[in-house]
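**Student:** My questions will all concern the structure given below.
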Amino acid sequence: MIMTEMIMNANELKKRYDAGERDFRKVKLSEAFLGGINLVEVNLREAEMMKVNLTGANLKGVNLREANLTGANLSEAILQDANLIDSLMAADLAGSNLRGVNFSEADFSKADFSHTN
Numbered sequence: 260m261i262m263t264e265m266i267m268n269a270n271e272l273k274k275r276y277d278a279g280e281r282d283f284r285k286v287k288l289s290e291a292f293l294g295g296i297n298l299v300e301v302n303l304r305e306a307e308m309m310k311v312n313l314t315g316a317n318l319k320g321v322n323l324r325e326a327n328l329t330g331a332n333l334s335e336a337i338l339q340d341a342n343l344i345d346s347l348m349a350a351d352l353a354g355s356n357l358r359g360v361n362f363s364e365a366d367f368s369k370a371d372f373s374h375t376n
């Protein structure tokens with residue numbers, strides 16, 4: 260199955276998640292406010308999420324492999340068991356829970372990891 264890019268806003272993402280959808284590969288959500296959102300076990304592989312605000316979001320087990328998180332704010336987010344392979348350039352991860360995260364091939368250029376655990 261070939262996934263094409265989906266452009267959506269924060270409200271549409273929340274609505275689809277609440278309806279049971281978990282596969283959001285290649286979604287475009289740049290500059291969306293998703294602070295405090297619950298997106299457990301969601302597939303956001305290859306998502307375009309530049310400057311997205313995910314402050315305090317529950318992203319436990321989320322797949323963000325090859326996602327563009329340049330300038331994203333993930334401070335205080337729960338990223339336990341998340342897949343962050345090849346992402347994170349200039350992302351703010353201050354105070355995030357990073358237990359069990361897969362950082363293989365991640366680009367940490369300008370990323371903020373202060374007060375993480």
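The numbering used here runs 259 ahead of the 1-based position in the sequence shown. Beta carbons are placed, not taken as given, at the ideal position from N, Cα and C, and that holds for glycine.
Please determine, among Thr314, Met309, Asn268, the residue with the shortest C-alpha to C-alpha distance to Leu328.
**Tutor:** Taking the sequence shown and counting its residues from 1, the one referred to as residue 328 is at position 69. Of the candidates Thr314, Met309, Asn268, the one whose C-alpha sits nearest the C-alpha of Leu328 is Met309.
**Student:** Taking all protein chains shown into account, decide if Asn342 is buried (16 or more other Cβ within 10 angstroms of its Cβ) or exposed.
**Tutor:** Residue numbering aside, residue 342 sits at position 83 when the sequence shown is read from its first letter. Label assigned to Asn342: buried.
**Student:** To test your reading of the DSSP string, which unbroken alpha helix (DSSP H) runs of 4 or more residues are found completely within the region 268-334?
**Tutor:** Runs found: 269-277.
**Student:** Considering only the beta carbon of each residue, do Gln339 and Gly315 sit closer than 9 Å?
**Tutor:** Taking the sequence shown and counting its residues from 1, the one referred to as residue 339 is at position 80. Taking the sequence shown and counting its residues from 1, the one referred to as residue 315 is at position 56. No, Cβ-Cβ distance for Gln339 and Gly315 is not below 9 Å.
**Student:** How is Asp351 classed by DSSP in three states: helix, strand or coil?
**Tutor:** The sequence position of residue 351 within the sequence shown is 92, counting from 1. It is a strand residue.
**Student:** Please report the straight-line C-alpha distance between Ser368 and Ile337, rounded to a whole angstrom.
**Tutor:** As a working mapping, residue 368 is identified with position 109 in the sequence shown. As a working mapping, residue 337 is identified with position 78 in the sequence shown. Their backbone Cα atoms lie some 21 Å apart in a straight line.
**Student:** Around the Cβ of Ser373, are there at least 16 other Cβ atoms within 10 angstroms (buried) or fewer (exposed)?
**Tutor:** Working through the sequence shown from its first residue, we reach residue 373 at position 114. Exposed.
**Student:** Going by other Cβ atoms of all chains shown within 10 Å of its Cβ, with 16 needed for buried, is Asp277 buried or exposed?
**Tutor:** On the sequence shown, residue 277 is found 18 positions in, with the first residue counted as 1. Exposed, by the Cβ-count rule.
**Student:** If the criterion is Cβ atoms closer than 9 Å, does the pair Phe283 and Val301 meet it?
**Tutor:** Counting from one through the sequence shown, the residue named residue 283 turns up at place 24. Counting from one through the sequence shown, the residue named residue 301 turns up at place 42. Yes, the pair counts as a contact, with Cβ atoms nearer than the cut-off.
**Student:** Which residue from Asn322, Ala353, Arg275, Gly320 puts its Cα closest to that of Ala331?
**Tutor:** Locating residue 331 in the sequence shown gives position 72, where the first residue counts as 1. The option with the nearest alpha carbon to Ala331 is Ala353.
**Student:** In angstroms, rounded to a whole number, what distance separates the CA positions of Arg272 and Gly320?
**Tutor:** Taking the sequence shown and counting its residues from 1, one reaches residue 272 at position 13. Taking the sequence shown and counting its residues from 1, one reaches residue 320 at position 61. According to the sequence as given, residue 272 is Leu; it is not Arg. If you take the alpha carbons of Leu272 and Gly320, they lie about 17 Å apart.
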